[in-house]
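Structure first, then comments.
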Amino acid sequence: MSEPAIELKGISKAFGPVQANKDISIRVMPGTIHGIIGENGAGKSTLMSILYGFYKADKGEIYIAGTKTSIPDSQAAIAAGIGMVFQHFKLVQNFTVLENVILGAEDGALLGPSLTKARKELTALAAEYELNVDPDAVIQDIGVGMQQRVEILKALYRQADILILDEPTGVLTPAEADQLFRILHRLKDEGKTIILITHKLREIMEATDTVSVMRRGEMTATVKTSETSPEHLAELMVGRKVLLRVDKKPAQPGEKVLEVENLKVVDSKGVVRVKGISFEVRAGEILGIAGVAGNGQSELLEVLGGMRTGTGTIRVNGQEIDLSGKHSDARSRRERGIAHVPEDRQREGLIMDFKAWENIAFGYHDDVKYQSGLLMNNTAIRKDAEGKIERFDVRPANCDLEAKSFSGGNQQKIVLAREIERDPDLLLVGQPTRGVDIGAIEFIHQQIVALRDKGKAILLVSVELEEILSLSDRVAVIFDGQLMGERLPAETDEKELGLMMAGMTSEPDGPVHKAVEAQLAHVHGKAP
Amino acid sequence: MEYLTVLQILDSGLRLATPLLFACLAGLFSERAGIFDIGLEGKMLISAFFSAATAFSTGSVWLGLLAGIASSLVLSGIHGLASITFRGNQLISGVAINFLASGLTVLIGLSWFKLGGQTPALQGNARFQSIDLPLADSLSGVPILGPLYSEVLSGHTFLVYIALLCVPLTWYILFRTRFGLRLRAVGENPAAVDTAGVSVVGLRYAAVAICGVLCGLAGAYLATGLGASFVKEMTAGRGFIALAALIFAKWRPWYALYATMLFGLLEAISNRYPSLDLGIVTLPSQFMQALPYILTVVILAGFVGKATPPRAGGEPYVKER
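Chains as they are written, first to last, in my numbering: chain A, 350 to 877; chain B, 664 to 984.
The following block contains the structure:
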């Protein structure tokens, strides 16, 4: 057996009282794709930042190809053959691809020769690894997929043998992610060692040879990917058994709670975003709206939540609500029993610099039980917040922390606690688990189902098809501001919904359906 | 208007634009590296004082120039320390430097020369002398272009030519050298520079130092080239006009030349015509004197279209994942 490409021994790192990495040891074999999986805040990124010289470990040793190496800064990491593709790209937006690639790796004081050499090498690398980029394109004009390829090229140009990718698919479309994994396999075949950090089980199962699991700063296991399963990995990550599928009883729909008729929404630029759609949601059921982002589902949710105006008719519990007049704001909606968990929790759901207890009162701060004469009764608000934080298992359970110090999943729990505990008749919920850990996803899904079982109506908007299929009692597909049809989750699958999301309404096995399938097969076959 | 008058205004405009050009390029280096510097004014002022004082005491304008640059560099160092090392607020640091310079120059001047904060008038080698460009006399006979060369371009002090040379030099450094690439990168996205294994702190200090040298040149020129002594608050807002010119120039060296020339020319016009008779109305002298400042306000109010400052400007760099 050959030497490990990287070996970390007993790495520890603390940020103040928080122990981000505790005595971590790991061996990464050369020519493999090694996954590191763990929830947000498990310490994956910290560990890799230590390896890349971004942070200094408090304790521990690093061996590169069997030699003990000290990595005090990024320069030393680069010299040791390590390249890193950060989750948030480190590119200069108004530089060209070529300039970004040579930055810090120029050959001399003048740029001319470096640029000529880099252009030649970039062309060679692009051909070798199918990393196609236009060297003269300016970063801000190219898509994230290509920006990521530039980051990989940057590392290869510095002759990296070890490539670390931190959550590389977070910003990519599924097709771009597939392309990335093809590139990674290609790099592996050329003998490069790849470390893939992710919290997505599917990526680990599809792309890696070995996987290490981290939980709360510790390395809990390292296993061969072929000898494990998603369920097992999820258990290792969270520390207990996790249900990857939502466990729920059949719905028992009651009265109509929300009725939408011919709703139209025009945005500030005059573009018609929602083109006259009609649907209804009954008490005790979850209606899922599936669709590719940008097809009007956000605007739909915003109109219902009172953040935008529209035309048409909306009735809640049989009473019409104001869509464009004086009572078309979020507060009036709340008074009508509509709670809203917005899609972008950091911008619309929370004030990131405010404390958790303040955030829990927002929107309901004029509630009489929060008042004490002219002043706010902070004691009452805090007491209320503490209860909600406990019942929704927000971690850390400290309502004096600012919203921004919680992980994505716990931020979402704060928003959900605020909205669900108000006992609304209708819950609007957008992207409930975007950027949320597996453990928290399970909890959030359970809360939504529990609310449904209490006989409340829920409108769920999500771009995650899996989530739509597992949570919804009925699924409606939105495309270009129109509803393409409704399906029952048990009677459909991702393929059919995927076609509807692309604007196809045909019955299965109809002529259009077949034509599209043929086209898709062609596209997949043709792609490298 | 006679051709000779036009030439004289152009000539005076070039001289008045020189300190602005130095200061503008100084700000360009600093801001391109992501360090906002509203302390240009203070650095020019302190350099003006120390260059005049040293030139008077030693009788050598060259020693004066060095002293001016050195004093400006000290203030640059303070700005660097506050905003790079200690990650303080760059605007506050800049304001502090302006106050410091304005107070120090008067205080030291009073106790040194006892002339109410001024320095004695500089004479002979304690001032920069004008240089006649080669062939200035013989070419002056050539119609139109001849006088332009001999009257406008020739006959300035050494520092005017240095300022003009600084424009292509700045362009070359920024866009054709490794240092320039890194400097521009650090003002746009310091994290990219850091992860590429280059020191963000080192680059920013280098930029701030260059800014100090150029402000030093600007101040020395004011006291020993344009004027012949240090006068209290003699920079008269030129540091801020240079900042306006920098925005007007969109942080580009050649545009900086054009922008400062425009300001210099306006100042020259208002000097030449204390009140301007436009036939219908006569613009009063107060208006004419205020003209460069009015233009500054108009430019800063955003009449220049979209100017994108360096993205990381004003932000101290803190490592994050």
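Backbone N, C-alpha and C fix where the C-beta goes; we use that ideal spot for every residue, glycine too.
Problem - Proximal residues, the segment 821-847 of chain B versus chain A, C-beta separation under 9 angstroms - result: Phe838, Arg839, Thr840, Arg841, Phe842, Gly843, Leu844, Arg845, Arg847
Exercise for the section: Would you identify the three-state DSSP class for A:Ser463, choosing helix, strand or coil? Expected result: For the purposes of this step, residue 463 of chain A is identified with residue 114 of the first sequence, where counting begins at 1. Here A:Ser463 sits in helix by DSSP.
Exercise for the section: Assuming A:Val560 and A:Thr542 form a contact by the criterion Cβ under 8 angstroms, report the distance between their Cβ atoms to the nearest whole angstrom. Expected result: In the first sequence, counting from the first residue as 1, residue 560 of chain A sits at position 211. In the first sequence, counting from the first residue as 1, residue 542 of chain A sits at position 193. 15 angstroms between Cβ atoms; not a contact.
Exercise for the section: Measure the Cβ-Cβ separation of A:Leu776 and A:Val690 and say whether it is below 9 angstroms. Expected result: One-based indexing of the first sequence puts residue 776 of chain A at position 427. One-based indexing of the first sequence puts residue 690 of chain A at position 341. It is a contact, given that the beta carbons lie within the stated cut-off.
Handout entry: Rounded C-alpha distance that separates A:Asp456 from B:Leu837
Key = Within the first sequence, numbered from 1, the residue matching residue 456 of chain A stands at position 107. Within the second sequence, numbered from 1, the residue matching residue 837 of chain B stands at position 174. Each residue's alpha carbon lies about 17 angstroms from the other.
Practice task
Indicate the three-state DSSP secondary structure (helix, strand or coil) for B:Ala891 in the structure shown.
Solution key: Sequence index remark: in the second sequence, residue 891 of chain B carries index 228 (1-based). Three-state result, B:Ala891: coil.
Exercise for the section: Excluding the 5 residues preceding and the 5 following B:Tyr868 in the sequence, name in chain order all residues of the same chain whose CB lies nearer than 8 angstroms to its CB. Expected result: For the purposes of this step, residue 868 of chain B is taken as residue 205 along the second sequence, with counting starting at 1. Closer than 8 angstroms at the Cβ level, and outside the excluded window around B:Tyr868, lie Gly743, Ile747.
Problem - Beta bridge counterpart(s) of A:Phe628 as assigned by DSSP - result: To locate residue 628 of chain A, count along the first sequence from 1; it is residue 279. Bridge partners of A:Phe628: A:Val609.
Practice task
Alpha carbon to alpha carbon, how far is A:Ile491 from A:Met433? Give it in angstroms, no decimals.
Solution key: On the first sequence, position 84 is the one that residue 433 of chain A refers to. On the first sequence, position 142 is the one that residue 491 of chain A refers to. Roughly 20 angstroms separates the two Cα atoms.
Exercise for the section: Determine the burial state of B:Leu667: buried for a count of at least 16 other Cβ atoms within 10 Å of its Cβ, exposed for fewer. Expected result: Here residue 667 of chain B refers to the residue found at position 4 when the second sequence is read from its first residue. Under this definition B:Leu667 is an exposed residue.
Handout entry: Between the CA atoms of A:Gly365 and B:Ala745 - distance to the nearest angstrom
Key = Taking the second sequence and counting its residues from 1, the one referred to as residue 745 of chain B is at position 82. Taking the first sequence and counting its residues from 1, the one referred to as residue 365 of chain A is at position 16. Straight-line Cα distance between these residues: approximately 25 angstroms.
Handout entry: Rounded straight-line distance, which links the Cα of B:Lys706 to that of B:Leu738
Key = For this step, residue 738 of chain B is matched to residue 75 along the second sequence. For this step, residue 706 of chain B is matched to residue 43 along the second sequence. Using only the alpha carbons, I get a separation of about 6 angstroms.
Exercise for the section: Using alpha carbons as the reference points, say which of A:Arg664, A:Lys753, A:Arg740 lies closest to A:Arg694. Expected result: Taking the first residue of the first sequence as position 1, residue 694 of chain A is located at position 345. Of the listed residues, the one whose Cα sits closest to A:Arg694 is A:Lys753.
Handout entry: Which listed residue (B:Phe762, B:Ala886, B:Ala764, B:Ser765) has its alpha carbon closest to that of B:Ala784
Key = Taking the second sequence and counting its residues from 1, one reaches residue 784 of chain B at position 121. Ranked by how close their Cα comes to the Cα of B:Ala784, the residues B:Phe762, B:Ala886, B:Ala764, B:Ser765 have B:Ala886 in first place.
Practice task
Determine, using beta carbons only, whether A:Ser361 comes closer than 9 angstroms to chain B.
Solution key: Indexing the first sequence from 1 puts residue 361 of chain A at position 12. For A:Ser361, the answer is no, since every Cβ of chain B falls outside 9 angstroms of its Cβ.
Handout entry: 8 angstroms Cβ shell around A:Ala600 - same chain, five flanking residues per side excluded
Key = Within the first sequence, the letter at position 251 stands for residue 600 of chain A. Excluding sequence neighbours, A:Ala600 sits near Gly633, Glu634, Ile635, Arg801, Asp822.
Problem - A:Lys541 (DSSP reduced to helix, strand or coil) - result: Locating residue 541 of chain A in the first sequence gives position 192, counting from the first residue. DSSP places A:Lys541 in coil when its eight states are reduced to three.
Problem - Ranges of the alpha helix (DSSP H) found wholly within the segment 825-852 of chain B, counting only runs of at least 4 - result: Listed in chain order, the alpha helix (DSSP H) elements of length 4 or more contained wholly in the segment 825-852 of chain B are 841-851.
Exercise for the section: Report the three-state DSSP secondary structure of B:Gln952 (helix, strand or coil). Expected result: Translated into the one-based positions of the second sequence, residue 952 of chain B becomes position 289. It is helical.
Problem - the segment 651-666 of chain A in contact with the segment 828-847 of chain A per 3-pair CB rule at 8 angstroms - result: no
Exercise for the section: Examine the Cβ distances between the segment 697-717 of chain B and the segment 898-906 of chain B and report whether three or more of them are shorter than 8 angstroms. Expected result: Cβ pair count under 8 angstroms is three or more, so yes.
Problem - 8 angstroms Cβ shell around A:Ala705 - same chain, five flanking residues per side excluded - result: Along the first sequence, one-based indexing puts residue 705 of chain A at 356. Contacts found: Ala734, Ile738, Val743, Asn747, Cys748, Asp749, Leu750, Glu751, Ala752, Phe755, Ile763.
Problem - Enclosing beta strand (DSSP E) for B:Ala975 [first to last residue] - result: For this step, residue 975 of chain B is matched to residue 312 along the second sequence. Note, B:Ala975: premise wrong, no beta strand (DSSP E); not H, not E.
Handout entry: Neighbour flag for B:Val856 against chain A, beta carbons, 9 angstroms
Key = As a position in the second sequence, residue 856 of chain B is number 193, starting the count at 1. For B:Val856, the answer is yes, since a Cβ of chain A falls inside 9 angstroms of its Cβ.
Problem - Cβ distance (whole Å) where A:Gly453 is taken to contact B:Val856 below 8 angstroms - result: Working through the first sequence from its first residue, we reach residue 453 of chain A at position 104. Working through the second sequence from its first residue, we reach residue 856 of chain B at position 193. Sure, about 7 angstroms apart at Cβ, within 8 angstroms.
Problem - Min CB distance B:Asn752 to chain A below 9 angstroms - result: The residue you call residue 752 of chain B lines up with position 89 of the second sequence. Judged by the 9 angstroms Cβ criterion, B:Asn752 is not in contact with chain A.
Practice task
Leaving out five residues on either side along the sequence, give the residues of the same chain with a beta carbon under 8 angstroms from the beta carbon of A:Ile488.
Solution key: On the first sequence, position 139 is the one that residue 488 of chain A refers to. Result list for A:Ile488: Leu440, Val441, Gln442, Asn443, Phe444, Thr445, Val446, Asn449, Gln496, Val499, in chain order.
Exercise for the section: Taking A:Leu460 as the query, report the chain B residues whose CB atoms sit under 9 angstroms from its CB, ordered along the chain. Expected result: Mapped onto the first sequence, residue 460 of chain A falls at position 111. Within chain B, Phe838, Arg839, Thr840, Arg841, Gly843, Leu844 have C-beta atoms less than 9 angstroms from the C-beta of A:Leu460, given in sequence order.
Handout entry: Under 9 angstroms by beta carbon: chain A residues contacting B:Ala789
Key = Working through the second sequence from its first residue, we reach residue 789 of chain B at position 126. Correct list: empty, because the minimum Cβ distance to chain A is about 38 angstroms.
Practice task
Run down chain A in chain order and give the residues with a C-beta less than 7 angstroms from the C-beta of B:Val650.
Solution key: The structure shown does not extend to residue 650 of chain B, since chain B is modelled only from 664 through 984, so no value can be given for it.
Handout entry: CA-to-CA distance, A:Gly667 to A:Thr597, given in whole angstroms
Key = What you label residue 597 of chain A is simply residue 248 of the first sequence in a count that begins at 1. What you label residue 667 of chain A is simply residue 318 of the first sequence in a count that begins at 1. The question names Thr, but residue 597 of chain A in the sequence shown is Lys. Distance between the alpha carbons of A:Lys597 and A:Gly667: 28 angstroms.
Problem - Amino acids of chain B, ordered along the chain, whose beta-carbon sits closer than 9 angstroms to that of A:Leu400 - result: Locating residue 400 of chain A in the first sequence gives position 51, where the first residue counts as 1. In chain B, no part has a C-beta under 9 angstroms from the C-beta of A:Leu400; the shortest such distance is about 13 angstroms.
Handout entry: Delimiting residues of the alpha helix (DSSP H) encompassing B:Tyr868
Key = Numbered from 1 along the second sequence, position 205 holds the residue referred to as residue 868 of chain B. 863-884 is the extent of the alpha helix (DSSP H) around B:Tyr868.
Handout entry: From B:Lys982, B:Ser948, B:Glu814, B:Ala711, residue whose alpha carbon lies closest to that of B:Val669
Key = By one-based count along the second sequence, residue 669 of chain B stands at place 6. The option with the nearest alpha carbon to B:Val669 is B:Glu814.
Practice task
Could you tell me whether any Cβ in chain B is nearer than 9 angstroms to the Cβ of A:Ala406?
Solution key: Locating residue 406 of chain A in the first sequence gives position 57, where the first residue counts as 1. Not closer than 9 angstroms to any Cβ of chain B, the Cβ of A:Ala406 fails to qualify, so no.
Handout entry: C-beta contact flag for B:Ala919 and B:Val830 at 9 angstroms
Key = For the purposes of this step, residue 919 of chain B is taken as residue 256 along the second sequence, with counting starting at 1. For the purposes of this step, residue 830 of chain B is taken as residue 167 along the second sequence, with counting starting at 1. Yes, the pair counts as a contact, with Cβ atoms nearer than the cut-off.
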